[in-house]
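Enquirer:
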Amino acid sequence: MSNRHALLERIIAESQRHYAAYVLFNQAMADRLGLHPTDLQCVALLNLEEGPVSTGHIARLTGLTPGSASRLVDRLEKAGLAVREADPEDRRRSLVSLTPGVSERIGQAWDTPGTAYGEVLRSYTDAELELIADYLRRATRVGLDQAERLTSGE
Numbered sequence: 001m002s003n004r005h006a007l008l009e010r011i012i013a014e015s016q017r018h019y020a021a022y023v024l025f026n027q028a029m030a031d032r033l034g035l036h037p038t039d040l041q042c043v044a045l046l047n048l049e050e051g052p053v054s055t056g057h058i059a060r061l062t063g064l065t066p067g068s069a070s071r072l073v074d075r076l077e078k079a080g081l082a083v084r085e086a087d088p089e090d091r092r093r094s095l096v097s098l099t100p101g102v103s104e105r106i107g108q109a110w111d112t113p114g115t116a117y118g119e120v121l122r123s124y125t126d127a128e129l130e131l132i133a134d135y136l137r138r139a140t141r142v143g144l145d146q147a148e149r150l151t152s153g154e
């Protein structure tokens, strides 16, 4: 087996371990915050958005059906994590955003894990961090494309 082949196999195995560890971490964080893991992921994704988004956009972000995304938003509203407001350009549609202070509230729970992840990242050079960021961006795109392919029946 070539060195490259062995390295690729190692990367695939480590990627699978990383994903499994992240799922466990996400569940533990959600439990700590009293949320469902999908709700926590939605809060994290909404935090990355530039502004309010439609429930349909949330469905696309999370892979949920529109009805499930609407129920997720209902849960976030009930928990005081999100607000739903009428779209000023289309009154038939609503837009969802995080309530003020939610990022800080969730961020407090991230203090310890964030520090731990930060320590790992600080061990890399800027060039290595650029490479990691590029890989994550590209792997994310592949994952989204493959999820779309699988759910579209291809």
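Using the UniProt record's numbering, you'd call the opening residue of the sequence shown number 1 and step up by one each time.
Think of the CB as a built atom: it goes at the ideal place given N, C-alpha and C, for glycine as much as any other residue.
Computed from a predicted structure; not experimentally measured.
Locate the alpha helix (DSSP H) running through Glu14, then write down its first and last residues.
Expert: Working through the sequence shown from its first residue, we reach residue 14 at position 14. Asn3 to Leu33 is the span of the alpha helix (DSSP H), which, as asked, contains Glu14.
Enquirer: What residue from Asp87, Ser94, Arg137 and Ala139 has the CA that sits closest to Pro66's CA?
Expert: Here residue 66 refers to the residue found at position 66 of the sequence shown. Ranking the options by Cα distance to Pro66, first place goes to Ser94.
Enquirer: Name the DSSP bridge partner or partners of Arg84?
Expert: Sequence index remark: in the sequence shown, residue 84 carries index 84 (1-based). Val96.
Enquirer: List the residues that DSSP assigns as beta-bridge partners of Asp90.
Expert: Numbered from its first residue, the sequence shown carries residue 90 at position 90. Paired residues: Asp87.
Enquirer: Tell me, to the nearest whole angstrom, how far the beta carbon of Ala69 is from that of Ala59; I am working on the premise that it is less than 8 angstroms.
Expert: Counting from one through the sequence shown, the residue named residue 69 turns up at place 69. Counting from one through the sequence shown, the residue named residue 59 turns up at place 59. Confirmed, Cβ separation roughly 4 angstroms.
Enquirer: Using the three-state DSSP reduction, which class does Ser103 fall into: helix, strand or coil?
Expert: Working through the sequence shown from its first residue, we reach residue 103 at position 103. Here Ser103 sits in helix by DSSP.
Enquirer: My understanding is that Val102 touches Leu81, with C-beta atoms under 8 angstroms, so please give their C-beta distance in whole angstroms.
Expert: Locating residue 102 in the sequence shown gives position 102, counting from the first residue. Locating residue 81 in the sequence shown gives position 81, counting from the first residue. Contact holds; Cβ gap of about 5 angstroms.
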